[in-house]
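A.B. asks: Got a structure for you, questions after.
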Amino acid sequence: MRYGESAARYEPGFEFLGKTLIYLDLSPRIALATIGLITTLLLCKSFAASKRQMLVMTLLVFPLYFFDFTMNGIRYGLSFSLAAISIDKLYLKKYRSATIWAVIAISMQYSAALVILPFIGALVKKRYIFIFISLIILSYLASPALFSLFTDRISGKTDAYSEIFSPSLFSGLAPLLTTLVIYIVFLYFNKGNLSSKLIHVILVLEIFSFIMAKFTYAGLRFQGVFMFCMILYLKHNIDIISIGYIRKLIYILILLSIASLMLFLKNIYVTVDGDMSPYLPYKFFWEEQRPYTL
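Position 280, counted from 1, in the sequence shown is what the numbering used here calls 266; the numbers after and before it change by one each time, with no gaps.
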């Protein structure tokens, strides 16, 4: 949105946050920094349960997502960090709290629903899922207009992505390989322990998104979503890996972290003419010759 007016239709939660920052009379730079700070604090809260989880944040979230969360994709960065909190509550079986966090996350950006749904399918009893879906259907039947805002925005995003194609045939290969490495490494070092089928579901979704990315830019977006899901799965299960294997796992994650950071730097500095991508090339919002935006 334009800073000071809603020139575009964003999710209601993010628009409300933007209007709140405007009401507080914050400058565009301070407003952006404030959103980045909120995202950072939420991520720190989510990954602070153990030293191993903190390592996952340092070695994976930081090089793969943190700069994008707080500098470029601030809307989905905030929503994903809120989704991480919601998933934390799911693992603790605090379903009411998880629902509240999920609603806030989705109100910031709808793609947060894709982060949360795989975990709901694996962690929530099927009867609760059935009740929740039934309530949504009944609410829609009672007031279809209530859902028009949601459907209109989804339709707008679909139209926007339909006009953008992947930059190249190999687009999405990096997130696919990253997800695959995390998948293989976790299963290899998780010897003697049962693994949830959720990890396999996430990998399948990542592969499907990679195939989808050959036809539409939306596939690349979905890859980022499900790679984040794989990181969250590792976060919640890394503590079950025995001490004898954890050191080797950390070494591999360090190598993956270095490779991811190098790829991120490459994406910032490389320009590909005619291709639309967030980091081709990267510009701070105050360097662009247009009105300030959030």
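By construction, the Cβ of each residue, glycine as well, lies at the ideal position given by its N, Cα and C atoms.
Computed from a predicted model, the values in this text were never measured in an experiment.
Round the Cβ separation of S65 and A91 to the nearest angstrom and send it over; I've been treating them as touching at under 8 Å.
C.D. replies: 5 Å
A.B. asks: Can the beta-carbon of F212 be found less than 7 Å from the beta-carbon of L162?
C.D. replies: no
A.B. asks: Over the uninterrupted alpha helix (DSSP H) stretch that includes A98, give me the two end residues.
C.D. replies: 98 to 109
A.B. asks: According to DSSP, is G158 helix, strand or coil?
C.D. replies: coil
A.B. asks: Taking the alpha helix (DSSP H) that F214 belongs to, which residues open and close that run?
C.D. replies: 204 to 223
A.B. asks: Which residues in the same chain have their Cβ closer than 6 Å to the Cβ of F105, if we skip the five residues on either side of it in sequence?
C.D. replies: Cβ neighbours of F105 beyond the five flanking positions: I73, L76.
A.B. asks: Can you check which of these residues, M40, G107, I119, is closest to K183 by C-alpha distance?
C.D. replies: Of the listed residues, the one whose Cα sits closest to K183 is G107.
A.B. asks: So for K31, helix, strand or coil by DSSP?
C.D. replies: Here K31 carries a helix assignment [DSSP, helix/strand/coil].
A.B. asks: What number of angstroms, rounded off, separates the C-alpha of L10 from the C-alpha of F2?
C.D. replies: Taking the straight line joining both Cα atoms gives about 12 Å.
A.B. asks: For the alpha helix (DSSP H) containing S83, name the first residue and the last one.
C.D. replies: 81 to 94
A.B. asks: Do Q95 and Y51 have their C-beta atoms within less than 7 Å of each other?
C.D. replies: It is not a contact, given that the beta carbons lie outside the stated cut-off.
A.B. asks: Going by Cα to Cα distance, which pick from V110, K31, T165, S228 is closest to K79?
C.D. replies: V110
A.B. asks: State the CB to CB distance for the pair T165 and M216, rounded to an integer number of angstroms; the pair is presumed to be in contact (CB under 8 Å).
C.D. replies: 5 Å
A.B. asks: Buried or exposed for Y174, please, with buried defined as at least 16 other CB atoms from any protein chain shown within 10 angstroms of its CB.
C.D. replies: Classification for Y174: exposed.
A.B. asks: Using DSSP with H/G/I as helix, E/B as strand and the rest coil, what is K5?
C.D. replies: helix
A.B. asks: Identify the continuous alpha helix (DSSP H) that holds E(-3) and give its terminal residues.
C.D. replies: First-last for E(-3): undefined, no H or E at that position.
A.B. asks: Fully enclosed by the segment 6 to 80, which alpha helix (DSSP H) runs are 4 residues long or longer?
C.D. replies: 14 to 32, 37 to 42, 60 to 77, all fully within the segment 6 to 80.
A.B. asks: Whole angstroms is fine: what's the gap from I232's alpha carbon to E192's?
C.D. replies: A direct Cα-to-Cα measurement between I232 and E192 gives close to 25 Å.
A.B. asks: Return helix, strand or coil for K252, following the three-state DSSP convention.
C.D. replies: Looking at K252 - three-state DSSP - the assignment turns out to be helix.
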